[in-house]
Amino acid sequence: MAAIAFTNATLFDGVNDEAVPGMNVLVVDGKIEAVSDKPLSGGDSVTEYDLGGRTLMPGLIDAHAHVFAINLVEEHNRNIAITEMTARAVPRIRKMLDRGFTSVRDVAGGDVGIRNAIAQGFIPGPRLFVGGPALSQIGGHGDHRNLTDDSLDIDFNASAFNFECRIVEGEGPLRSHVRNELRKGADHIKVLASGGVGSPTDAIDQIQYSEAEIRAVCEEAAVRGKYVAAHAYESAAIAHSIRAGVRTIEHANLINAETAAVVAEADAYIVPTLVAYEVTAQHGAELGLSEYVMEKLNYVNDSGLKMLGLAEKAGVKLGFGTDLMGQMEFAQLQEFVIRGRVQRPVDVLKSATSVNAEIVQRDDLGVIRAGATADMIVVDGDPLTDISIMNAPEQHLRLIMKDGDIYKTDLTAK
Ligand SMILES: [Zn+2]
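In this text, residue positions in the sequence shown follow our numbering: the first is 740, and each later residue adds one.
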């Protein structure tokens, strides 16, 4: 029995608005055994960390990331064998855990293999939730083919291999695809329901897939207790996705107040990914993004903060995502600072803990309470009053625990 006690913690439990000083937390065999303001006895074998008032909070969850997006420019991710892709993704994945992200939802590309390899301890990294390739219609956000590639059947995926996306059209083929991904163990399914930034031929405001096609995907996911995430920017595409049964809307930068109310009414989530636009707008051109892509990027970047205000006002549940491709991944924690320009720090922290845990359908994550999985971090200072602390891990992030194991710390046990 491996027991670890944290004493004298200021506890932000991921759910309540206030952090409570003077708290003690006992971890036994990967689970949180007890949380109390009284001394806890874990027996002789317990390893104790006196936190001296530092903040103890749930491990962070990123609900929108791409572990295999090793290059910013999508074309550079082609013609790379899956073995090389995996090898190159390993440091990228480890750095996410180094930043305090103990769970990550991959919403295009991440497969059950990489998830299982991490779970089995072969690769250090966050617990992954995966959906395989995102689904795209022909000419949609996932169709990166050349003009000269004119094929109209399923084999076109082989001719323009794109690990992140798969072109599947029509209710029948979509149902087969979803059944197959869920057979392999996918945690969710992602559909591309509107135009996007990184793709060569689709305008942002384009609605993609028919409602019937998205509904077929949602039905197949629902019968297995899973759900569908949809990439969508404009209100029309968002409303279209919600009507078809989608549970999480990714990005949503261009939503209006009326559609925000529709999302709230459906009890669905929005997962903003604001840092991706801000940082990519700064570095994209020098890294080789085309002028067309940069133009679309600036268009959605400008509206991100407005979306947060509209969504909060409508009562939409906001997740926390980053969507950083390739070289941009260093900025993962900057999302806290950007969100903090509009939201209260505690609401941003809840998004990255308990709300994201709801999104990944795991009520034992994103929270510090007896019985929960012991994913926790220790932060110097009070992120509930100064959210920028989250963006300076080298000074403030002092301990990372995943599944009850201390992955990293510079604190000394008693
Ligand atoms: Zn994405």
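By construction, the Cβ of each residue, glycine as well, lies at the ideal position given by its N, Cα and C atoms. Note that the structure is predicted; figures quoted are calculated from it, not measured.
- Touch test, the segment 825 to 839 against the segment 791 to 808, Cβ-Cβ under 8 Å, three pairs minimum: yes
- Message: With a threshold of 6 Å (Cβ to nearest heavy atom), would Asp941 be considered close to ligand 1?
- Response: no
- Around ligand 1, Cβ to any heavy atom closer than 6 Å, ordered along the chain: His803, His805, Val846, Ala847 and Asp1062
- Taking just the CA atoms, how far does Ile771 sit from Met880? The displayed chain sequence assigns His, not Met, to residue 880. Cα-Cα distance, rounded: 42 Å.
- Can you give the beta carbon distance from Gly1143 to Val846, rounded, assuming they're within the 8 Å contact cut? In fact, because the Cβ distance is near 27 Å, the residues do not count as touching under 8 Å.
- Message: Going by C-alpha to C-alpha distance, which of Val759, Gly769, Gly1079 and Phe751 sits closest to Leu1145?
- Response: For clarity, residue 1145 is Ile in the given sequence; the question names Leu instead. Closest by alpha carbon: Gly769.
- Task: Report the three-state DSSP secondary structure of Tyr948 (helix, strand or coil).
- Result: coil
- Is the segment 946 to 960 touching the segment 998 to 1006 in the sense that three or more CB pairs, one from each, lie closer than 8 Å? no
- Item | Unbroken beta strand (DSSP E) run spanning Glu1156, endpoints | The shown model of the chain, from 740 to 1153, leaves out residue 1156, and the question about it has no answer.
- Ala758 vs Leu1104 beta-carbon contact at 7 Å: no
- Rank Ala978, His990, Ile1009 and Gly984 by C-alpha distance to the C-alpha of Glu997 and give the top, closest one. Ala978
- At least three beta-carbon pairs within less than 8 Å, the segment 1010 to 1021 to the segment 1069 to 1079: yes
- Pick helix, strand or coil for Glu787, following the three-state DSSP scheme. strand
- Return the chain-ordered list of same chain residues with a C-beta closer than 6 Å to the C-beta of Gly924, the five sequence neighbours on each side being excluded. Val851
- For the alpha helix (DSSP H) holding Phe1075, just list the boundary residues, first then last. Gln1073 to Gly1079
- Message: Please classify Gln1082 as buried or exposed, where buried requires at least 16 neighbouring CB atoms within 10 angstroms.
- Response: buried
- Item | Segment contact flag, the segment 781 to 798 with the segment 1108 to 1122, C-beta cutoff 8 Å, min 3 pairs | yes
- With a Cβ-Cβ cutoff of 7 Å, do Ala991 and Met1046 count as a contact? yes
- Alpha carbon to alpha carbon, how far is Arg986 from Leu1150? 40 Å
- Name the one or two DSSP bridge partners that Glu959 has. Its beta-bridge partners do not exist; DSSP assigns none.
- So Thr1061 packs on Glu1051, CB below 8 Å; how close in whole Å? In fact, because the Cβ distance is near 19 Å, the residues do not count as touching under 8 Å.
- Residue from Asn810, Val1094 and Met762 with nearest C-alpha to Leu790: Met762
- Message: So within the segment 880 to 938, which uninterrupted alpha helix (DSSP H) runs reach at least 4 residues, ignoring any that extend past its ends?
- Response: 895 to 898 and 910 to 923
- Message: What residue range does the alpha helix (DSSP H) around Glu823 cover?
- Response: Ile821 to Asp837
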